[in-house]
Amino acid sequence: MQEIIYIRLRKKITIPKAKESVSFHHIASFIGNEEKIAPLKQMTIPISFPSKHITTFILDSFQLVEKIMEYDESLFIQFIGPTEVLIEQEKNPKRPSIFILTGIWITLFVGAVMTIMNFHFDVNMQEVHTKIHYLLTGEKVKHPYMIQIPYAIGIGVGMMLFLNESFFPHKRKEPSPIDIEMFRYEQTRKSYLEKQEDEKKGDPTS
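Dropping the structure here:
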């Protein structure tokens with residue numbers, strides 16, 4: 001009777017640049033007979049990046065099956081979930097230049113300010129605030145600071161809430177719109193790399 005081993009591949013892992021192989025327990029989780037699983041976890045599979053400019057590698061389930069069959073042909077392998085894992089090399093951490101950061105910050109700040117100012121000019125927000133002030137107080141003023149100051153503060157607070165940022169600690173931080181967009185980007189990128197890998201191998205389904 002064949003021993004069934006269930007394998008669930010991780011979607012993505014990161015390895016050091018000098019590493020040329022990866023252990024099975026780093027790229028997958030195993031369920032089954034512990035005596036059979038223990039040696040499998042210690043097995044390694046070679047990884048080769050085409051060039052120093054390419055830092056990603058797609059490892060598919062067939063490569064794992066081939067390696068396991070070489071070790072023990074009596075095992076029946078059942079994959080659960082993803083059938084490919086994206087392996088990336090670690091990037092060398094670079095200290096960002098204070099001048100570049102300052103330049104980017106100033107550019108974004110000026111751009112945001114100009115966008116808000118143009119919007120307020122287009123909708124004639126000054127007149128709107130003046131009318132609101134008149135409705136609330138019965139007085140006509142040129143600069144309704146009573147309305148404008150809370151409104152300006154509200155814009156900043158509203159953006160912080162929208163981006164899920166605040167000065168107060170959270171027990172559990174919910175993902176911000178930026179986090180969600182980055183997640184979608186990573187998912188799309190992985191799918192694209194997998195498709196490229198299938199095309200290189202001549203997969204008829206691609």
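Just so we're aligned, residue 1 is where the sequence shown starts under UniProt numbering, counting upward by one. Glycine residues also receive a C-beta, built at the ideal position from the N, C-alpha and C atoms.
Taking a C-beta distance under 8 Å as the contact criterion, D60 and E84 qualify as a contact pair. For S74, the closest of Q2, P144, T44 and R95 by C-alpha to C-alpha distance is Q2.
Around the beta carbon of A28, 16 or more other beta carbons lie within 10 angstroms, which makes this residue buried. F99 counts as exposed, since fewer than 16 other C-beta atoms from the protein chains shown sit within 10 angstroms of its C-beta. Here F76 is exposed, its C-beta having fewer than 16 other C-beta atoms within 10 Å. Cα atoms of Y192 and E181: separation of roughly 16 Å, rounded to the nearest angstrom.
Fully contained in the segment 51-106 are the following alpha helix (DSSP H) runs of length 4 or more, in chain order: 61-71. Around the beta carbon of L40, 16 or more other beta carbons sit within 10 angstroms, so the residue counts as buried. The residues I45, in chain order, have a CB closer than 7 Å to that of Q63 in the same chain once the five nearest residues on each side in sequence are set aside. Beta-bridge partners of Y6 (DSSP): I31 and Q78. Taking the Cα of I178 as reference, the smallest distance to any Cα among F49, M160, R189 and K195 is reached at M160. Distances from the CA of K200 to each of P50, S23, E186 and M117 were compared; the closest alpha carbon is that of P50. By a beta-carbon distance limit of 8 Å, H129 contacts P144. Their separation comes to about 5 Å.
In the assembly as shown, I68 is a buried residue. Its beta-carbon has 16 or more other beta-carbons within 10 Å.
From the listed residues R8, H120 and T137, the smallest Cα separation to A152 is found for H120. Within its own chain, the residues whose Cβ lies closer than 7 Å to the Cβ of M146, once the five positions on either side in sequence are excluded, are H133, listed in chain order. Excluding five sequence positions before and after I4, the CB atoms of its chain that fall closer than 7 Å to its own CB belong to G32, F76 and Q78, given in chain order. With fewer than 16 other CB atoms across the displayed protein chains lying within 10 angstroms of its CB, F183 is exposed. Between S21 and I58, the C-beta spacing is not below 8 Å. In the structure shown, P175 adopts coil according to DSSP, grouped into three states. Taking 8 Å as the cut-off, the Cβ atoms of G81 and L9 count as close.
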